[in-house]
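Report on the structure given below.
Written out as structure tokens, the structure reads:
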């Protein structure tokens with residue numbers, strides 16, 4: 001598992017994680033020791049690159065964590081979110097990148113960090129570590145860099161997909177305006193339950209959101225207390241902040257605000273405390289508290305106990321990382337996370353033309 005150094009707490013979490021993995025179902029056989037012989041350097045390399053990135057820009061912890069989420073919710077954890085547009089030998093488009101989907105365009109980021117990690121791993125262990133597995137351990141180390149303790153075990157053995165699907169990204173990635181029913185169905189579609197929803201939503205304790213989203217969806221959301229909505233409207237994201245400040249279509253820069261206005265770069269329980277006070281930055285956050293049901297108990301529990309939140313977040317991350325992975329001879333180990341290996345592209349092109 002690498003050098004976590006967290007003693008008995010990690011051992012206990014490992015045992016629970018193995019139980020969680022065994023109850024998910026399916027045929028996945030991911031394991032924590034997958035790279036112990038072939039690439040034991042994976043732990044030190046990823047941790048060093050993540051720590052360097054987060055030290056240079058705290059927001060990257062949330063950005064890297066989000067990459068794993070947006071990968072797994074779209075046709076499983078196969079590294080498809082990392083792929084750029086790919087063309088056929090004749091120049092026609094073979095598939096369009098998920099980076100341009102509604103939930104990702106002008107938003108998803110952190111790709112250069114993944115590139116750096118992949119390059120370092122290729123130097124240390126050529127053609128061994130998949131991009132999908134890089135996303136899984138990078139997400140864990142990013143949360144840890146922001147304050148999550150202890151390190152939860154990462155299960156490995158995923159292989160990389162050969163294609164991306166912008167239509168699937170548009171269909172399956174949750175939207176900031178989703179209500180609780182929308183969210184529970186969205187999570188159920190990939191085998192995650194209401195407890196997973198409540199725990200994984202806590203990732204919004206770090207990171208930023210575009211003021212354009214806040215002004216479009218939040219300041220008119222009556223689930224959020226009126227005083228806080230006024231504060232958002234006049235101070236945090238005032239009129240005009242919804243407009244891009246620079247860039248061109250597909251690569252625009254928008255004014256941002258913190259998802260957690262109290263401790264924006266610290267992985268803690270303030271997200272839950274905020275929504276209990278009616279101060280969620282997104283309707284899809286505030287609905288966890290505003291909708292009557294077991295979700296309210298989860299929010300109260302996590303607001304009161306960082307230990308309970310951290311434990312369940314870790315278990316739900318492990319469970320999410322097991323969504324429909326490619327294994328064995330399926331997929332490939334990409335040499336460049338942004339594109340399939342050249343022989344894979346040629347094969348897909350020939351099949352598509354038949």
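Numbering (UniProt numbering), first residue to last: 1 to 354.
The beta carbon of each residue, even a glycine, is placed where N, CA and C say it ideally should be.
Boundaries of the alpha helix (DSSP H) harbouring residue 288: 283-290, taken from the DSSP string. The three-state secondary structure of residue 32, taken from DSSP, is coil.
At the C-beta level, residue 130 and residue 333 come within 7 Å of one another. Where residue 253 is concerned, the enclosing beta strand (DSSP E) starts and stops at 251-253. In the displayed model, residue 83 falls within coil according to three-state DSSP, outside both helix and strand. Comparing C-alpha distances from residue 299 to each of 280, 43 and 188 shows the shortest one belongs to 280. Counted as a single uninterrupted DSSP element, the alpha helix (DSSP H) harbouring residue 314 occupies residues 306-320. Here the alpha carbon of residue 288 sits roughly 44 Å from the alpha carbon of residue 126.
Note on residue 207: 16 or more other CB atoms within 10 angstroms of its CB, so buried under the neighbour-count rule. Nearest in C-alpha terms to residue 67, of all of 96, 114 and 229, is 114. Taking one beta carbon from each stretch, the region 233-242 and the region 192-204 have fewer than 3 pairs nearer than 8 Å; the two do not touch. Secondary structure of residue 185 (DSSP, three-state): helix. Between residue 255 and residue 177 a beta carbon distance of about 19 Å is seen, past the 8 Å cut, so the two are scored as non-contacting. Under the three-state reduction of DSSP output, residue 96 falls in the coil class, being neither helix nor strand.
Sorting 33, 121 and 81 by C-alpha distance to the C-alpha of residue 105 places 81 at the top.
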